[in-house]
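**Q**
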Amino acid sequence: MAVNGYVLHSGSSTEGSQTIVRGVGGSTSHSTMSLSTPPAPVPRIPGNYIENGREYHAFRKGKYLFPCDETEMDRMDIYHKLFSVARREALHSAPLTPNFDGPRILDLGTGTGIWAIDMCESQYRNAEVRGVDLTQIQPEQIPPNLTFLQRDIEGLWHGMGEDSWDLIHMRMLNGCIESWRDIYAKIFRHLKPNFGWLEHVEIDMIPRCDDGTLPPNSQLVNWTRAIFEATELAYRPMAYNTETRAMLESLGYVDISEEVIQVPLNPWPTNPHLKDIGRWYNLGLTQGLEALSLAPLMRVKNWKRSDVDKIVQEVKMEVCSKRIHAYCNIQAKAGGDQPSSKTVLGAHHSCAWPATSFDDEQGQFIPFKANDFIQAKLSEPAPEGKADWNPSNKPPIMDPCLAAGTDDQRMSPEWLRSKRKVVMPLAQHI
8 MAVNGYVLHS
18 GSSTEGSQTI
28 VRGVGGSTSH
38 STMSLSTPPA
48 PVPRIPGNYI
58 ENGREYHAFR
68 KGKYLFPCDE
78 TEMDRMDIYH
88 KLFSVARREA
98 LHSAPLTPNF
108 DGPRILDLGT
118 GTGIWAIDMC
128 ESQYRNAEVR
138 GVDLTQIQPE
148 QIPPNLTFLQ
158 RDIEGLWHGM
168 GEDSWDLIHM
178 RMLNGCIESW
188 RDIYAKIFRH
198 LKPNFGWLEH
208 VEIDMIPRCD
218 DGTLPPNSQL
228 VNWTRAIFEA
238 TELAYRPMAY
248 NTETRAMLES
258 LGYVDISEEV
268 IQVPLNPWPT
278 NPHLKDIGRW
288 YNLGLTQGLE
298 ALSLAPLMRV
308 KNWKRSDVDK
318 IVQEVKMEVC
328 SKRIHAYCNI
338 QAKAGGDQPS
348 SKTVLGAHHS
358 CAWPATSFDD
368 EQGQFIPFKA
378 NDFIQAKLSE
388 PAPEGKADWN
398 PSNKPPIMDP
408 CLAAGTDDQR
418 MSPEWLRSKR
428 KVVMPLAQHI
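Set out below in structure tokens:
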């Protein structure tokens, strides 16, 4: 796959209102089922609803196709780590113009808020940082210069302040937006003229493979096609828009550029950095396969749950095979009339949905545990005829666990979830 991101410079533009809403608490219930039957899942947040065993948010119900439960939040935070590793710890690449009051930074589709929190804690303690999302899943304890809003970014932007933002950041919003042109136009109006920057990172989920080891009729290819069709029918396409650059230029953006970073399917490369990227990418994709499949395929395409489960398992089996050498391309291009500007991360993700496990020297499937994920090694490809995965006796571990090595305890599930304590809303939605 490839991750496609843009960092852009605005030309000129004018506006102003805001609604501040924080996360909400959970709820409890009592089950009358027998002891042999697991209790039905209960939404963490009042007003949310359960569908196919996953929790979905109630605000603008049905607009966002993906869950907002703990498993999905883990996936979001895993991807944050993936991008951090891939970009060598850089949280952004757009140049921020120094000012005495500190930069104003807006994170659209902030999710768990982890990028916004890191921006406040690691680099910009004097900045005003604001995160916006449909869901209220951000933590209670946040830096004093950070605010979260519950807002639909496709709606009106009252109170956001035109011509006032130094950096507007978006990441992984494919499948969420009906009209990217409208979003880019709103962003352009709200960036500081001649100084404001847009940075956009996306994943292009088309599977790519250079050596023919990914068959064109594979279930991975079939799954990707089905997801693209479903999200297109829902008017929220998951497919990356190849006309993005032309769209941005037509809206007045300048200094458009992209950066290319390889994102392997798993740690098959010998290069240590690419191997590390592959581990995190593998873990994040595995976390999200079910979440990305359920609503698009069942709500939109009217698939049965058994059919969704079947293709999900078959895709996992394919991507667990070391015979498939798939990777991602993060593509970067430079443009505009200010060559000294260092604008950056594009993303053209060629897709290969990997799993959290690899084969040992005998070609056997080994599910990773949380604490040995970082130290895990990738062996030579399994000999022909050897099974890569035997699901009957070696089921994959799907417990949401992050690669928490001794030098990376900050990204453990316990740390992540400790940051997610939420409170009742302080203001009404918009």
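Going by the working numbering, the first residue of the sequence shown is number 8, and it counts up by one from there. Each residue gets a CB set at the ideal place from its N, CA and C atoms; glycine is no exception.
Secondary structure at Pro390, three-state DSSP: helix, strand or coil?
**A** With a pLDDT of 34 at Pro390, under the threshold of 50, the modelled position of that residue is not reliable, and the figure given next carries that caveat. Pro390 falls in the coil class under three-state DSSP.
**Q** In or out: Glu209 buried (at least 16 other Cβ within 10 Å) or exposed?
**A** buried
**Q** Under a Cβ-count criterion, where at least 16 other Cβ atoms within 10 Å of its own Cβ denotes burial, should Pro214 be classed as buried or exposed?
**A** buried
**Q** In terms of DSSP beta bridges, what is Pro271 paired with?
**A** Tyr334
**Q** Using the C-alpha atoms, what's the distance from Ile52 back to Tyr247?
**A** Each residue's alpha carbon lies about 32 Å from the other.
**Q** For the alpha helix (DSSP H) containing Leu240, name the first residue and the last one.
**A** 226–240
**Q** With a cut-off of 8 Å on the beta carbons, I'd call Thr142 and His64 a contact; round off their distance for me.
**A** 4 Å
**Q** Roughly how far, in whole angstroms, is the beta-carbon of Leu174 from the beta-carbon of Glu206, given that I think they are within contact range, below 8 Å?
**A** 6 Å
**Q** Give the secondary structure of Ile124 by DSSP, where H, G and I count as helix, E and B as strand, and everything else as coil.
**A** Reduced to three states, the DSSP call for Ile124 is helix.
**Q** Got a sec, what are the start and stop residues for the alpha helix (DSSP H) Gln294 sits in?
**A** 279–301
**Q** Tyr86 by DSSP, collapsed to three states: which one?
**A** helix
**Q** What is the DSSP secondary structure of Met167, counted as helix, strand or coil?
**A** Met167 carries a coil assignment under DSSP once its states are collapsed to helix, strand and coil.
**Q** Can Arg137 and Ala298 be called in contact, C-beta distance under 8 Å?
**A** no
**Q** Please confirm whether Glu128 and Pro150 have their CB atoms less than 8 Å apart.
**A** Their beta carbons are under 8 Å apart, which means Glu128 touches Pro150 by this criterion.
**Q** Take every Cβ of the region 89–97, pair it with every Cβ of the region 270–290, and state whether three or more of those distances are shorter than 8 Å.
**A** yes
**Q** Applying the criterion that 16 or more other CB atoms from any shown protein chain within 10 Å of the CB defines a buried residue, is His99 buried or exposed?
**A** buried
**Q** Nearest CA to the CA of Met212: which residue from Glu236, Leu103, Gly203?
**A** Comparing Cα-Cα distances from Met212 to each of Glu236, Leu103, Gly203, the minimum goes to Glu236.
**Q** Could you name the residues of the same chain whose beta carbon sits closer than 6 Å to that of Val228, not counting the 5 residues immediately before and after it, in chain order?
**A** So the qualifying residues of the chain are Pro214.
**Q** Tell me whether Ser225 is buried or exposed, calling it buried when 16 or more other Cβ atoms sit within 10 Å of its Cβ.
**A** buried
**Q** For Glu79 and Ile121, I'd like the C-alpha separation in whole angstroms.
**A** 13 Å
**Q** Cβ of Trp164 within 8 Å of Cβ of Leu198?
**A** no
**Q** So what does DSSP say about Thr119, is it helix, strand or coil?
**A** Thr119 sits in coil when the DSSP states are folded into three classes, being neither helix nor strand.
**Q** With DSSP run on the structure shown, which of helix, strand or coil describes Asp114?
**A** strand
**Q** Between which residues of its own chain and Trp310 is the CB-CB distance below 6 Å, once the five residues before and five after are set aside?
**A** Leu304
**Q** Exposed or buried, Ser300, counting other C-beta atoms within 10 Å across all chains shown (16 or more means buried)?
**A** buried
**Q** Looking only at its chain, what residues have a beta carbon closer than 6 Å to the beta carbon of Ile284, apart from the 5 residues adjacent to it on each side?
**A** Val92, Ala93, Val270
**Q** How is Val49 classed by DSSP in three states: helix, strand or coil?
**A** coil
**Q** Contact check, Leu296 vs Val319 under 8 Å by CB: the rounded distance?
**A** Sure, about 5 Å apart at Cβ, within 8 Å.
**Q** Using the rule of at least 16 other Cβ atoms within 10 Å of the residue's Cβ for burial, across every protein chain shown, is Ser313 buried or exposed?
**A** Exposed, since its Cβ has fewer than 16 Cβ neighbours within 10 Å.
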